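In this note's numbering, the protein residues as written are 192 to 774.
Right, here's the structure in full:
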């Protein structure tokens, strides 16, 4: 018998093996392998390897209280769905995520401070721990093919964890990516959150962010969606600049705006359709305030991490950011002490702007890519446009709202002027604390504000949710905003401009405040109604009578049903007016 030498045997065996691999389907190799679960600060970071994954495949993540098998998978909790191929890729670093730009080489997410980025060609899912399962968490990851068929095979150590992950219900922490203010460095300072305008995150800003945070189920259409933000240290405040994008996994260029051409959309600082991930389901979805909830959790984290004063939280924004600032703060007045909104939308309506744009069209992307209208529903029993309307809140809410400063341009092509006068009227009729300035400019009108208006902004960081201030209304020097048409009202004007206050005393037995009208800008002599708001020491019982003096002249004033006291027709002559209350 002829005996082949070992080299020949080896070559023939290798050839046979290669032939076998060639005829086997690609799915013979594991799609998911080496799944691992690591717990940190209220969240489990689940990672895995991927191979031979066809385009269009998505993954499901299951949570169990014992090692998974195919039988127990049927009873497991589905905690993640429509997780995309290569989900460990940090899409924030890819320009194609923001519009129809070309992609750059992928980079993986960093999921622990100081660690190397993950392999961008692997999988990542972040689960936030809940009360129902904290110390017996097992996970399984299954693929669903592009036709919707799920492979429910379970292989422990490959696509399912062998060991339990143990954790606790606690506040998730942001992961620091670069140089940032130190923990605890905000003691004695306020917190300022600044919201950017539409498209500002498409110019590379997020790539320089120094924190990333992975959201809970309350912060996105699925949990674990990443949000980036940048933190700065200012002399009197800690400043946070979050970036408004939410990953949806598909282009929404059908919205009519190039900025929805990527796979991550702006949410107008509110949220998006809860079924936005699937074009076949989106019409049955509702709009949920995911981003608003994230902003609230971000504020909580910042106060805990930097030690800032929770009573001094300001919310500022430009354009889309100004729109989100008013809406978010007005819905959560217990959190925010003031709002600064540059050229914001005050409601989303069919009213046309300077060039015919309707503000309701701004919601096309977040509702799922189709034309939005006033019938699109939120998950709160209101239409999305009603829920996001700051005019509605100003008119209907009876409690305290944050002090507001805002600016508008009558010829703004993006922000319809027609929406603004009804908002001003709602604020005035409810005696809200606010000041507005407008002119005949466009979307950049705020870049050239009068000096006294700019100076007024320096007062904002001193506001606190527990600090009293006066709200002005019916000032005789106010301008006429008109009815919203381009031919009605004052071309340049203001409401409550030049009205200032100082020397606030607010104790259980005494309240005092000094009010002044700047004669150079406010058109004195004049008269104004003054409503005292946010009294925390000198609390007034609803409908009670209170002794008062105005420049030493005694009078009795009666509080309304909300415990608010208003002094009507106070004469302003350009000199300080002292108002005092006593029991």
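Cβ atoms here follow ideal geometry from the backbone N, Cα and C, with glycine treated the same way.
Computed from a predicted model, the values in this text were never measured in an experiment.
Asked                                                                                                                                                                                                       : Found
If you drop the 5 nearest sequence neighbours on each side, which residues of the same chain put their C-beta closer than 7 angstroms to that of residue 574?                                               : 565, 566, 567, 568
Between the alpha carbons of residue 403 and residue 384, how many angstroms are there, rounded?                                                                                                            : 16 angstroms
In the DSSP assignment, the beta strand (DSSP E) including residue 759 goes from what residue to what residue?                                                                                              : 756-763
How many whole angstroms separate the CB atoms of residue 246 and residue 223, which I take to be in contact at a CB cut-off of 8 angstroms?                                                                : Their Cβ separation, rounded to whole angstroms, is 16 angstroms, which puts residue 246 and residue 223 out of contact at 8 angstroms.
Residue 624 and residue 594 look like a contact to me (Cβ under 8 angstroms); what is the Cβ gap, rounded to whole Å?                                                                                       : 4 angstroms
Have a look at the DSSP bridge pairing and note the partners of residue 324.                                                                                                                                : 321
So residue 533 is in the beta strand (DSSP E); what residue range does that whole segment cover?                                                                                                            : 529-533
May I have the straight-line CA-CA distance separating residue 219 from residue 604, to the nearest angstrom?                                                                                               : Any reading at residue 219 is ruled out, since the residue's pLDDT is 48, under 50, leaving its predicted position unreliable.
Identify which residue in 433, 432, 489, 297 has its Cα closest to the Cα of residue 362.                                                                                                                   : 489
From the DSSP output, which residues share a beta bridge with residue 622?                                                                                                                                  : None, per the DSSP bridge assignment.
Please report how far the alpha carbon of residue 761 lies from the alpha carbon of residue 719, in whole angstroms.                                                                                        : 5 angstroms
Here's the rule: buried if 16 or more other CB atoms are within 10 angstroms of the residue's CB, otherwise exposed. What is residue 148?                                                                   : Nothing in the structure corresponds to residue 148, since the chain is present only between 192 and 774.
By how many angstroms is the C-alpha of residue 285 removed from the C-alpha of residue 764?                                                                                                                : 59 angstroms
Starting from the C-beta of residue 747, find all residues in its chain whose C-beta is less than 8 angstroms away, skip the five residues before and the five after it, and write them out in chain order. : 736, 737, 738, 739
Taking contact to mean 3 or more Cβ pairs, one atom from each stretch, closer than 8 angstroms, check whether the stretch 709-724 and the stretch 632-645 are in contact.                                   : yes
Could you tell me which residues DSSP puts in a beta bridge with residue 744?                                                                                                                               : 741
Is residue 397 buried or exposed, if buried means 16 or more other CB atoms sit within 10 Å of its CB?                                                                                                      : buried
Please report the distance separating the alpha-carbon of residue 332 from that of residue 411.                                                                                                             : 20 angstroms
Within the same chain, show all residues whose beta-carbon is closer than 7 angstroms to that of residue 310, passing over the 5 residues directly before and after it, in chain order.                     : 279, 299
Checking 7 angstroms against the spacing of the C-beta atoms, do residue 237 and residue 343 come in under that value?                                                                                      : no
I believe residue 517 touches residue 530 by the beta-carbon criterion, under 8 angstroms. Please report the beta-carbon distance rounded to the nearest angstrom.                                          : 6 angstroms
Can you tell me where the alpha helix (DSSP H) holding residue 483 begins and where it ends?                                                                                                                : 481-497
Residue 289: buried (16+ other C-beta within 10 angstroms of its C-beta) or exposed?                                                                                                                        : buried
Does the stretch 458-466 come within contact of the stretch 435-448, defined as at least 3 CB pairs closer than 8 angstroms?                                                                                : yes
Between the C-alpha atoms of residue 498 and residue 684, what's the straight-line distance to the nearest angstrom?                                                                                        : 40 angstroms
Is residue 576 near the ligand FMN - that is, is its Cβ less than 6 angstroms away from at least one heavy atom of it?                                                                                      : No copy of the ligand FMN occurs in the structure displayed, which carries no ligand at all.
Are the CB atoms of residue 556 and residue 446 within a distance shorter than 7 angstroms?                                                                                                                 : yes
Considering residue 705, what are the terminal residues of the beta strand (DSSP E) in which it resides?                                                                                                    : 701-708
With distances taken from CA atoms, which of 558, 406, 506 is nearest residue 464?                                                                                                                          : 558
If you compare alpha carbons, which of 584, 466, 392, 541 is closest to residue 511?                                                                                                                        : 392
Relative to the C-alpha of residue 390, which candidate in 553, 270, 374, 526 has its C-alpha closest?                                                                                                      : 553
Please look up how many angstroms separate the CB atoms of residue 528 and residue 513, rounded, as I've assumed it's under 8 angstroms.                                                                    : Not a contact, Cβ separation roughly 17 angstroms.
Is it the case that the stretch 655-675 contacts the stretch 607-614, given that we only count it when at least three CB pairs across the two stretches are under 8 angstroms?                              : yes
Hey, which unbroken runs of the beta strand (DSSP E) at 3 residues or more fall wholly within the stretch 256-331?                                                                                          : 268-275, 313-319
Tell me residue 598's beta-bridge partners as DSSP assigns them.                                                                                                                                            : 533, 628
What three-state label does DSSP hand residue 573 in the structure shown?                                                                                                                                   : coil
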